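*Asks:*
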Amino acid sequence: MSIHLQPGDAGYDDNRKALNPALDPYPAEVVLAETTADVRAAVLSARRRGLAFAVQATGHGTHVAHDGALLLRTHRMASVLVDPDRRIAKVGPGARWGDVLAAAAPFGLAPLSGSSPDVGVTGYTVGGGLGWLARRHGLAADSVQRARIVTADGELVTADADRNADLFWAVRGGGGSFGVVTDLEFRLYPVSRVYAGAVTFGRERAAETLACYRRWIEQAPDELSTALLLTRDGRLVVKAMYSGDDLDRGRRLLAPLWQAAGPPLADTMQVVDYAGAAMGGTFARTFDQVRALSDDLVHALVNEPDTTVEIRHWGGRIARDTGAAAHRDAPLSVILDTVPSARVTDALARDGIGSSFLNFLPDPSRVETAFTPANWAALRRVKAAYDPGAFFSAGLAVPPAALQASA
Ligand SMILES: Cc1cc2nc3c(=O)[nH]c(=O)nc-3n(C[C@H](O)[C@H](O)[C@H](O)COP(=O)(O)OP(=O)(O)OC[C@H]3O[C@@H](n4cnc5c(N)ncnc54)[C@H](O)[C@@H]3O)c2cc1C
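Residue numbers are given in the numbering used here: position 102 of the sequence shown equals residue 113, and the series is strictly consecutive.
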């Protein structure tokens, strides 16, 4: 049975908020769902009453205040089932990555989770899902096998390669615009021990290290994922995860980067369980992908004050897969946790492709930049087919394609 909370009810305040403390939403009603039937009832109730609708599992990806809406909370639907023979996990919409990591690890299996075990599996996956195994096994969205979805008319549909294939394509990366996902089935991979962590250096040789990095990535195998950080406290940090079988090979492959960076100040690289590797992330106030790191961009980034910059290696399986999510042909992303100076802005305008990644995008007005033009147009057509009235329009929404005027 779902619980319905209105302003003034005990529990309303605890359940109305997102993670971002700057948001202080006052939904008309908060519904705590327990079953798929509760989800359908909530969608139909919002429609009947003309309320805006929003769904939230953990609040990690909520970027707007859902004032006056019906806010559906799914955190009580957190079931996780692992089928070790088929290497599949099936989860409810409230499951977090930590739940899946714990359920899969005893079988020597891993999901394509991201930097935090607290993030919701469904929100992360429908937004693309870029984790530390992505170069080897792809974006999480591309590993989805089947989803069950409550659509805007309150119907429960199955979406997979054979049924509602257009919806299946859209929900794997197009975000939460196409319905409420009530079950998600996705592949697991035989990864248990990894060589992972970070090595910290001073900033003296940052420019040389970035110049080395742009050549080095061309030979990095898919089992190796890296990010270089220039931190606001004056450090250069190389984060890495190697998931190949010969874990010593990871150390050998990384050695040229470490040599370029100079003497290390700290080194947390070690062989650990994948489930326990704490890789962290950088808040992406500014994001773009670049085809190359020009000298000019390197110089601008290295000299940017009071900012943390993260340069991350994409490519590998991400680039070989096709799917709705992301721009896949640029090998590097550049993230800054601030609004950049004119110099960095100009350099990024020259080297960048003007993209975003849905899961790292805090700005609902820029959703289009998370997709290629062809995928954006296709997503809008699927939206028009399944939700022409844009009932699911909260947050990072895809608008329906305009209806063709009939002749
Ligand atoms: C600390 C932190 C670390 C992160 N690390 C990574 C990372 O490594 N890689 C990465 O790709 N992303 C990462 N993210 C981004 C994260 O994946 C997105 O913010 C994601 O939307 C969070 O989903 P959620 O369910 O936890 O959040 P919520 O705020 O509960 O939901 C966010 C959105 O997800 C959609 N959604 C949620 N549930 C459903 C559902 N049942 N059906 C349909 N749509 C739904 C809705 O659009 C909703 O607005 C990180 C975010 C944080 C805060």
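Virtual Cβ for every residue (Gly too), placed ideally from N, Cα, C. Remember, it's a predicted structure, so these values are computed and weren't measured experimentally.
Measuring CA to CA, which of GLY187, VAL42, VAL283, ALA396 is closest to ARG87?
*Replies:* For ARG87, the nearest C-alpha among the options comes from VAL42.
*Asks:* Evaluate GLY261 with the Cβ neighbour count: other Cβ atoms within 10 Å of its Cβ, from every protein chain shown; 16 or more gives buried, anything less gives exposed.
*Replies:* So GLY261 ends up on the buried side.
*Asks:* So if DSSP puts HIS15 in a beta bridge, which residue, or which two residues, is it bridged to?
*Replies:* Paired residues: VAL42.
*Asks:* Which residue's Cα is closest to the Cα of ASP173: VAL161, SER188, THR162, GLN156?
*Replies:* Taking only the C-alpha atoms, the option nearest ASP173 is GLN156.
*Asks:* Applying the 10 Å Cβ sphere with the 16-neighbour rule, what's the burial state of SER376?
*Replies:* So SER376 counts as exposed.
*Asks:* With respect to the alpha helix (DSSP H) encompassing ASP173, which residues constitute its N-terminal and C-terminal limits?
*Replies:* First-last for ASP173: undefined, no H or E at that position.
*Asks:* Within the chosen definition, does the segment 91-100 reach the segment 53-73 through at least 3 CB pairs nearer than 8 angstroms?
*Replies:* In short, these stretches do not touch, since the Cβ pair count stays below three.
*Asks:* Any contact of the segment 360-368 with the segment 295-312, i.e. 3+ C-beta pairs under 8 angstroms?
*Replies:* The segment 360-368, when compared against the segment 295-312, does touch it at the 8 angstroms Cβ threshold.
*Asks:* Are ALA330 and ASN386 close, meaning C-beta to C-beta below 7 angstroms?
*Replies:* No; because the gap between Cβ atoms is not below 7 angstroms, this pair is not in contact.
*Asks:* Could you tell me the boundaries of the alpha helix (DSSP H) in which THR47 lies?
*Replies:* Where THR47 is concerned, the enclosing alpha helix (DSSP H) stretches over 47-60.
*Asks:* Would you give the residue range spanned by the beta strand (DSSP E) that ALA272 belongs to?
*Replies:* Counting along the chain, ALA272 falls outside any beta strand (DSSP E), though it belongs to the alpha helix (DSSP H) covering 258-272.
*Asks:* Three-state secondary structure (DSSP) at VAL202?
*Replies:* Correct three-state label for VAL202: coil.
*Asks:* Considering Cα atoms alone, identify which of PRO384, VAL137, ARG147 is closest to ASP233.
*Replies:* Nearest C-alpha to ASP233: ARG147.
*Asks:* For the segment 292-300 and the segment 249-268, state whether three or more C-beta atom pairs, one from each stretch, are separated by less than 8 angstroms.
*Replies:* Flag = no, the segment 292-300 and the segment 249-268 do not touch.
*Asks:* With H, G and I counted as helix, E and B as strand and the rest as coil, what does DSSP make of GLU215?
*Replies:* Coil.
*Asks:* For the 8 angstroms Cβ check, are there 3 or more pairs between the segment 205-214 and the segment 384-401?
*Replies:* Short answer: they don't touch.
*Asks:* Ignore the nearest five residues each way along the sequence and tell me which others in PRO36's own chain have a CB closer than 6 angstroms to its CB.
*Replies:* Counting only Cβ-Cβ distances below 6 angstroms, and skipping sequence neighbours, we find ARG27, ALA76, HIS77, ASP78.
*Asks:* Should the segment 160-173 be regarded as contacting the segment 340-349, the criterion being three or more beta carbon pairs within less than 8 angstroms?
*Replies:* Flag = no, the segment 160-173 and the segment 340-349 do not touch.
*Asks:* Could you tell me whether the segment 312-330 touches the segment 238-251, where touching means 3 or more Cβ pairs closer than 8 angstroms?
*Replies:* Yes, the segment 312-330 touches the segment 238-251.
*Asks:* According to the neighbour-count rule (16 or more other Cβ atoms, all chains shown, within 10 Å of its Cβ), is GLU315 buried or exposed?
*Replies:* GLU315 is buried by the Cβ-count criterion.
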